[in-house]
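Student: Submitted below is the structure of interest, expressed as structure tokens.
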Amino acid sequence: MTWVRTLEVDEVAGRLRQVYEAEEARLGFVMEATKALSARPALAEAFDAFTAAVKAASSLTPQERRLISLLVAHRLKSTYCVLVYATDVERDLGGLDRVRSVLEDYRQAGLSPRDVAILDYAIAAAAGHPTEGQVARLRELGLDDGAVIDVAVWANLRAFRSRVYEALGVDTDPFFLEQADLVAAVRPHEEQRA
2 MTWVRTLEVD
12 EVAGRLRQVY
22 EAEEARLGFV
32 MEATKALSAR
42 PALAEAFDAF
52 TAAVKAASSL
62 TPQERRLISL
72 LVAHRLKSTY
82 CVLVYATDVE
92 RDLGGLDRVR
102 SVLEDYRQAG
112 LSPRDVAILD
122 YAIAAAAGHP
132 TEGQVARLRE
142 LGLDDGAVID
152 VAVWANLRAF
162 RSRVYEALGV
172 DTDPFFLEQA
182 DLVAAVRPHE
192 EQRA
């Protein structure tokens, strides 16, 4: 249970209700993270709209965004977000063994040089310690300045969102916890960083 009051689908209106209904149609439930800001509907709508705008303007692929999200959450020890994004990355990479490899050492997980460079920069950017050398490497791999901005903004947006959810005590949805193989693949890596 989230530490603050959250609203259910029958208690929200407008754009927030549309977000709830779309998520319920897609997943069969509304995620706790989606409900987390619902006591401030205008803020929740702005949060969602900003994320959608960043995603729409981005030159990153969905897989690149999900890998960034997974590893930023992993570095922040956000179990909720790690489980959510591990589910997506599992589909992208073809199995939990690949997710496990990415969490253990993404540089040795069979990712492309572009993905590794993006993740190096994203993790450093989210921690507040990126380097000019990392940006130079991205350029060597064909990313233009707009794409570098996309990586920086997405990494920090994911860090911000994870921190907000952690600050509000957002619990992991049962849907994710009921996937024993997913939890087993992710949890050892969560405990190693504790």
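Okay, so the sequence shown: first residue is 2 according to our numbering, each after it adds one. Ideal Cβ placement from N, Cα and C applies to all residues, glycine included.
Is residue 4 helix, strand or coil by DSSP?
Tutor: For the purposes of this step, residue 4 is taken as the residue at position 3 of the sequence shown. Note: residue 4 maps to coil in three-state DSSP.
Student: Nearest by alpha-carbon distance to residue 7: which of 166, 113, 160 is it?
Tutor: Here the question's residue 7 lines up with position 6 in the sequence shown. Considering only alpha carbons, the answer is 166.
Student: Would you be able to state if there are at least three C-beta pairs under 8 Å between the segment 32 to 50 and the segment 164 to 180?
Tutor: The segment 164 to 180, when compared against the segment 32 to 50, does touch it at the 8 Å Cβ threshold.
Student: How about residue 37 and residue 80: are their beta carbons less than 8 Å apart?
Tutor: Mapped onto the sequence shown, residue 37 falls at position 36. Mapped onto the sequence shown, residue 80 falls at position 79. Not in contact: residue 37 and residue 80 (Cβ atoms no closer than 8 Å).
Student: Which of helix, strand or coil does DSSP assign to residue 185?
Tutor: Mapped onto the sequence shown, residue 185 falls at position 184. Looking at residue 185 - three-state DSSP - the assignment turns out to be helix.
Student: Buried or exposed, going by whether 16 or more other CB atoms sit within 10 Å of the CB of residue 182?
Tutor: For the purposes of this step, residue 182 is taken as the residue at position 181 of the sequence shown. The residue in question, residue 182, is exposed, as its Cβ has fewer than 16 Cβ neighbours within 10 Å.
Student: Name the two residues that bound the continuous alpha helix (DSSP H) containing residue 75.
Tutor: Position 74 of the sequence shown holds residue 75. Element bounds for residue 75: 63 to 76.
Student: Hey, would you say residue 84 sits closer than 8 Å to residue 161, going by beta carbons?
Tutor: In the sequence shown, residue 84 corresponds to position 83, counting from 1. In the sequence shown, residue 161 corresponds to position 160, counting from 1. Contact: no.
Student: Check whether the Cβ atoms of residue 72 and residue 187 sit closer than 8 Å, and answer yes or no.
Tutor: Position 71 of the sequence shown holds residue 72. Position 186 of the sequence shown holds residue 187. Contact flag unset, no.
Student: Hey, quick one: how far does the alpha helix (DSSP H) through residue 263 stretch, first residue to last?
Tutor: Nothing about residue 263 can be reported from this structure: the residues present for the chain run from 2 to 195 only.
Student: Quick one, are the C-beta atoms of residue 97 and residue 122 less than 8 Å apart?
Tutor: Residue mapping note: residue 97 aligns to position 96 of the sequence shown, counting from 1. Residue mapping note: residue 122 aligns to position 121 of the sequence shown, counting from 1. Result no, Cβ atoms of residue 97 and residue 122 do not sit closer than 8 Å.
Student: Grab me the residues of residue 24's own chain with a C-beta within less than 8 Å of its C-beta, minus the 5 sequence neighbours each way, in chain order.
Tutor: Position 23 of the sequence shown, counted from the start, is the residue given in the question as residue 24. So the list reads 30, 31, 32, 35, once near-sequence residues are dropped.
Student: Can you tell me where the alpha helix (DSSP H) holding residue 26 begins and where it ends?
Tutor: In the sequence shown, counting from the first residue as 1, residue 26 sits at position 25. 15 to 28 is the extent of the alpha helix (DSSP H) around residue 26.
Student: Looking only at C-alpha atoms, which of 175, 130, 124 sits nearest to residue 197?
Tutor: Look at the range of the chain in this structure, 2 to 195, and you will see that residue 197 is not part of it.
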